[in-house]
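Every letter in the sequence shown is one number past the one before it in my numbering, and letter 50, counting from 1, is 320.
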Amino acid sequence: YERELGLYEERISSQKEMLDAKADYLEAEASRESSEETLRLYGLSDEKIRSLEPGQRGASTLPVRAPIAGRVVEKHVTVGELVTPSESLFTIADLGHVWIWIDVYERDLAKVHEGDDVEVRVDAFPDRVFAGEITYLSSEVAPETRTVRARIDVGNSERQLRPGMFAKVRLTDPHASGGVESLVVPTSAVVRSGERELVFLPEGEARFRAQPIDAGRREGEWVEVVSGLDPGAEVVTEGAFFLKSELAREELGGGHDH
Numbered sequence: 271y272e273r274e275l276g277l278y279e280e281r282i283s284s285q286k287e288m289l290d291a292k293a294d295y296l297e298a299e300a301s302r303e304s305s306e307e308t309l310r311l312y313g314l315s316d317e318k319i320r321s322l323e324p325g326q327r328g329a330s331t332l333p334v335r336a337p338i339a340g341r342v343v344e345k346h347v348t349v350g351e352l353v354t355p356s357e358s359l360f361t362i363a364d365l366g367h368v369w370i371w372i373d374v375y376e377r378d379l380a381k382v383h384e385g386d387d388v389e390v391r392v393d394a395f396p397d398r399v400f401a402g403e404i405t406y407l408s409s410e411v412a413p414e415t416r417t418v419r420a421r422i423d424v425g426n427s428e429r430q431l432r433p434g435m436f437a438k439v440r441l442t443d444p445h446a447s448g449g450v451e452s453l454v455v456p457t458s459a460v461v462r463s464g465e466r467e468l469v470f471l472p473e474g475e476a477r478f479r480a481q482p483i484d485a486g487r488r489e490g491e492w493v494e495v496v497s498g499l500d501p502g503a504e505v506v507t508e509g510a511f512f513l514k515s516e517l518a519r520e521e522l523g524g525g526h527d528h
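As structure tokens, then:
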């Protein structure tokens, strides 16, 4: 602009050329001031900004500031690569809290709720139990696996849990401290018929009734009964598979229990 102004004063260039140069100069100045203000917002000092001006011997490195505190878990650039303002350079995670995703079987949904406490273990620290909480439970059931995704929030102040780890999760019973016990029956008493799980209840001499139940956890020789059976009810523990086959034969033949 100064060169064009000098030429205009010497009557070498036209007024239009001088005014065009002045407009370009003012636009460039506004762009420079905006860029400097952006750099200040990113934490660069005025001295550091001046070192970036043409003709100045700039620093070999510049600070790159992230919008949050955390740890770099992914790098998306290599040394010498040209990047643009729209590109992501790094992925940063706040590892003070981590998420664990689990799949909950459809039959167990009645026992899982947002806000429930869980215990988390990882192979890297076999003697350590991490406390977690279910903070999200999906409203959709995956058709292939018949499971529901749930998210667990775990405190990680010591940064022992890391992205990519596999974990074992135990859902704690919120009623356990109150002395509420689960209703269980021997595994030999439970049989599956199609989509149902059944136990057989004796009803007099050589008479039995098939009772559908909602089975829960299985531990060793015992099966938890979530619903479908009253506490203290007598069930058949030997010969349940024989009764199941008799039931199937009667259903195929159109018969029924008496």
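Even for Gly, the Cβ is constructed at its ideal location relative to N, Cα and C.
| Check | Outcome |
| --- | --- |
| Tell me the residue span of the alpha helix (DSSP H) that contains D316. | 316-320 |
| Could you pull out every residue in the same chain whose Cβ sits closer than 6 Å to the Cβ of L441, ignoring the five residues on either side in sequence? | V388 |
| Can you grab the Cα-Cα spacing for the pair A298 / T361, in whole Å? | 34 Å |
| Alpha carbon to alpha carbon, how far is V461 from F511? | 7 Å |
| Could you check what DSSP says for S497 in three-state terms: helix, strand or coil? | strand |
| Pick helix, strand or coil for D484, following the three-state DSSP scheme. | strand |
| Which residue's Cα is closest to the Cα of R416: F395, E351, S408? | S408 |
| Identify, in the order they occur along the chain, each residue of the same chain with its Cβ nearer than 8 Å to the Cβ of E465, setting aside the five sequence neighbours on each side. | none |
| In the structure shown, what three-state DSSP assignment does T308 receive? | helix |
| Identify whether L352 lies in helix, strand or coil by the three-state DSSP scheme. | coil |
| Do you know offhand how far P501's Cα is from V454's? | 9 Å |
| Going along the chain, which residues of its own chain have a beta-carbon closer than 8 Å to the beta-carbon of W371, five neighbours each way excluded? | R419, A420, R421, I422 |
| Since I believe A480 is in contact with L468 (beta carbons under 8 Å), could you give me their beta-carbon distance rounded to a whole number of angstroms? | 5 Å |
| Give the C-beta separation of V496 and A503 to the nearest angstrom, bearing in mind that I take them to be a contact with Cβ-Cβ under 8 Å. | So it is not a contact: roughly 14 Å between Cβ atoms. |
| Would you call the stretch 392-403 and the stretch 339-349 touching, i.e. three or more CB-CB distances under 8 Å? | no |
| If you reduce the DSSP assignment to three classes, tell me which class L376 lands in. | Here residue 376 is Glu; the residue named in the question, Leu, does not match the sequence. Reduced to three states, the DSSP call for E376 is helix. |
| Rounded to the nearest angstrom, what separates G350 and I404 at their Cα positions? | 44 Å |
| Could you tell me the distance, in whole angstroms, from the CA atom of T308 to the CA atom of V424? | 37 Å |
| Give me whichever residues DSSP pairs with P456 in a beta bridge. | W492 |
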